[in-house]
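Chemist: Got a structure for you, questions after.
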Amino acid sequence: MTSTTFIGAGNISQALIGGYLKTGQADRIVASDPVSAQLEKLPAEVVRTNDNIQAIADSQTVVLCLKPGMMSEICQTLRGQTDDKLFISVAAGITIESLNNWLGEDTAVIRCMPNTPALVQQGMTGLFANTRVTDSQRNIAENILGSVGKVLWFSTESALDTVTAISGSGPAYYFLVMESMQQAGIGLGLTADESRVLVLQTALGAAQMAIDSDLTTEQLRINVTSRGGTTQAALTKLMDAGLTELFAEAIEAAFERSKELSRA
8 MTSTTFIGAG NISQALIGGY LKTGQADRIV ASDPVSAQLE KLPAEVVRTN
58 DNIQAIADSQ TVVLCLKPGM MSEICQTLRG QTDDKLFISV AAGITIESLN
108 NWLGEDTAVI RCMPNTPALV QQGMTGLFAN TRVTDSQRNI AENILGSVGK
158 VLWFSTESAL DTVTAISGSG PAYYFLVMES MQQAGIGLGL TADESRVLVL
208 QTALGAAQMA IDSDLTTEQL RINVTSRGGT TQAALTKLMD AGLTELFAEA
258 IEAAFERSKE LSRA
């Protein structure tokens, strides 16, 4: 029987456990958290404990769902217990080098950057593995993270800083756009509920069109922009205000901050 342990039972851990159970590929799942109330939120079939060492004893895979500030202390308590185990970290800004320093140089480690839509099984996760990770361990990581959305492997760890800036922080960018559109609708006479429904369904529909189409998002935009029409009037205003450049600057700021966190 294969066993997978999740250290930390917060929101992302709960999402991953729920998604992984639905795949039917999880023989045994163990979760460890110092807060019993968090463990009580997990499905009944999950083995629960407050003891991290006990939690990983019989597991082949350990998913570290911890806040970055907790990672060093907890990983160092696991040092010496890592033989033949795969460790998957979802903590932003924690490098493979740091994880191996804490867990042991020979430990197989995958660093990943999921995002919050994983909570509704629509996540996007970027992954990078150190050289000790086997093909079968890569498959395990794909099965776990892929249970809550899409996964994409990268050949360099530095690419995860870009992943963080695009998809890791990305949901907040879309939330801001939707928030702004909703406020504009209210300003033009709609109720809050009316504006919310219009904006959210439009966002969902546009995303689905982009996913289903072979066309680029640029071409899709061109196709729905009639010369002299309402869409062109709005887009001209946005372009004249430098929206494209502003997005590039904002994403670069997130990218630079991610690099700073990795160096800290």
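So this note's numbering is basically just the index in the sequence shown, starting at one, shifted up by 7. Glycine included, each C-beta is placed from N, C-alpha and C at the ideal position. Remember, predicted model here, so these are calculated numbers, not experimental data.
Let me make sure I understand the geometry here. Which of Cys119, Leu49, Asp142, Asn122 has the alpha-carbon closest to that of Ser39?
Modeler: If you number the sequence shown from 1, residue 39 lands on position 32. Here the closest residue by C-alpha is Leu49.
Chemist: Using only alpha-carbon positions, find the residue among Gly212, Ala260, Ala191 that is nearest to Ser202.
Modeler: Counting from 1 along the sequence shown, the entry for residue 202 is found at position 195. Out of Gly212, Ala260, Ala191, Ala191 has the C-alpha closest to the C-alpha of Ser202.
Chemist: Tell me whether Ser96 sits in a helix, a strand or coil according to DSSP, three-state version.
Modeler: Position 89 of the sequence shown holds residue 96. Three-state DSSP puts Ser96 in a strand.
Chemist: Beta-carbon separation of Thr68 and Ile151 under 9 Å?
Modeler: As a position in the sequence shown, residue 68 is number 61, starting the count at 1. As a position in the sequence shown, residue 151 is number 144, starting the count at 1. Yes; because the gap between Cβ atoms is below 9 Å, this pair is in contact.
Chemist: Please identify the residue among Asp168, Ser174, Ser176, Val206 whose C-alpha is closest to the C-alpha of Glu186.
Modeler: For the purposes of this step, residue 186 is identified with residue 179 of the sequence shown, where counting begins at 1. The residue with the shortest Cα to Cα distance from Glu186 is Val206.
Chemist: Buried or exposed for Ile60, please, with buried defined as at least 16 other CB atoms from any protein chain shown within 10 angstroms of its CB.
Modeler: To locate residue 60, count along the sequence shown from 1; it is residue 53. Exposed, by the Cβ-count rule.
Chemist: In three-state terms, what does DSSP make of Cys72?
Modeler: The residue labelled residue 72 in the question sits at position 65 within the sequence shown. In the structure shown, Cys72 sits in coil (DSSP, three-state: anything other than H, G, I, E or B).
Chemist: With DSSP as the reference, label Ala51 as helix, strand or coil.
Modeler: As a position in the sequence shown, residue 51 is number 44, starting the count at 1. Residue state, collapsed to three classes: coil.
Chemist: Is it buried or exposed, Arg234, if we count other Cβ atoms within 10 angstroms and call 16 or more buried?
Modeler: Along the sequence shown, one-based indexing puts residue 234 at 227. The residue is exposed, with fewer than 16 neighbouring Cβ atoms inside 10 Å.
Chemist: Tell whether a beta-carbon distance below 9 Å holds between Gln88 and Ile63.
Modeler: Counted from its first residue, the sequence shown places residue 88 at position 81. Counted from its first residue, the sequence shown places residue 63 at position 56. Yes.
Chemist: When you compare only the Cα positions, how much space is there between Leu126 and Met246?
Modeler: Within the sequence shown, numbered from 1, the residue matching residue 126 stands at position 119. Within the sequence shown, numbered from 1, the residue matching residue 246 stands at position 239. Using only the alpha carbons, I get a separation of about 33 Å.
Chemist: When the Cα atoms are used, what is the spatial distance from Ala22 to Thr223?
Modeler: Mapped onto the sequence shown, residue 22 falls at position 15. Mapped onto the sequence shown, residue 223 falls at position 216. Roughly 31 Å separates the two Cα atoms.
Chemist: Considering just the uninterrupted stretch of the alpha helix (DSSP H) at Arg145, what are its terminal residues?
Modeler: For the purposes of this step, residue 145 is identified with residue 138 of the sequence shown, where counting begins at 1. Element bounds for Arg145: 142-153.
Chemist: Measuring CA to CA, which of Ala51, Ile103, Asn122 is closest to Thr115?
Modeler: What you label residue 115 is simply residue 108 of the sequence shown in a count that begins at 1. Note on identity: in this sequence residue 115 is Ala, with Thr being the wrong assignment. The option with the nearest alpha carbon to Ala115 is Ile103.
Chemist: Ala148 and Val158: beta carbons closer than 9 Å?
Modeler: By 1-based counting over the sequence shown, the position of residue 148 is 141. By 1-based counting over the sequence shown, the position of residue 158 is 151. In this structure, Val158 lies closer than 9 Å to Ala148 by Cβ.
Chemist: Would you decide whether Phe135 is buried or exposed? Buried here means 16 or more other CB atoms lie within 10 Å of its CB.
Modeler: Along the sequence shown, read from residue 1 onward, the residue named residue 135 stands at position 128. So Phe135 ends up on the buried side.
Chemist: When you compare each of Asn146, Thr138, Ile36 to Thr163 by their alpha carbons, which one comes out closest?
Modeler: Within the sequence shown, the letter at position 156 stands for residue 163. Of Asn146, Thr138, Ile36, the residue nearest in Cα terms is Thr138.
Chemist: Within this structure, are the beta carbons of Phe94 and Gly133 separated by less than 9 Å?
Modeler: For the purposes of this step, residue 94 is taken as residue 87 along the sequence shown, with counting starting at 1. For the purposes of this step, residue 133 is taken as residue 126 along the sequence shown, with counting starting at 1. No, the Cβ-Cβ distance between Phe94 and Gly133 is not below 9 Å.
Chemist: Tell whether a beta-carbon distance below 9 Å holds between Lys74 and Gly15.
Modeler: By one-based count along the sequence shown, residue 74 stands at place 67. By one-based count along the sequence shown, residue 15 stands at place 8. Yes, the Cβ-Cβ distance between Lys74 and Gly15 is below 9 Å.
Chemist: For Thr132, report the span of its alpha helix (DSSP H) as first-last.
Modeler: Position 125 of the sequence shown, counted from the first residue, corresponds to residue 132. No alpha helix (DSSP H) contains Thr132, which is instead part of the beta strand (DSSP E) from 130-136.
Chemist: Per DSSP, what kind of secondary structure is Arg203 in: helix, strand or coil?
Modeler: Residue mapping note: residue 203 aligns to position 196 of the sequence shown, counting from 1. Helix, per DSSP.
Chemist: Quick check on the burial criterion: 16 or more other C-beta atoms within 10 angstroms. Buried or exposed for Ile101?
Modeler: Mapped onto the sequence shown, residue 101 falls at position 94. Counting Cβ neighbours within 10 Å, Ile101 comes out buried, since at least 16 surround it.
Chemist: What does the alpha-carbon distance come out to for the pair Ala257 and Thr84?
Modeler: The residue labelled residue 257 in the question sits at position 250 within the sequence shown. The residue labelled residue 84 in the question sits at position 77 within the sequence shown. Cα-Cα distance, rounded: 38 Å.
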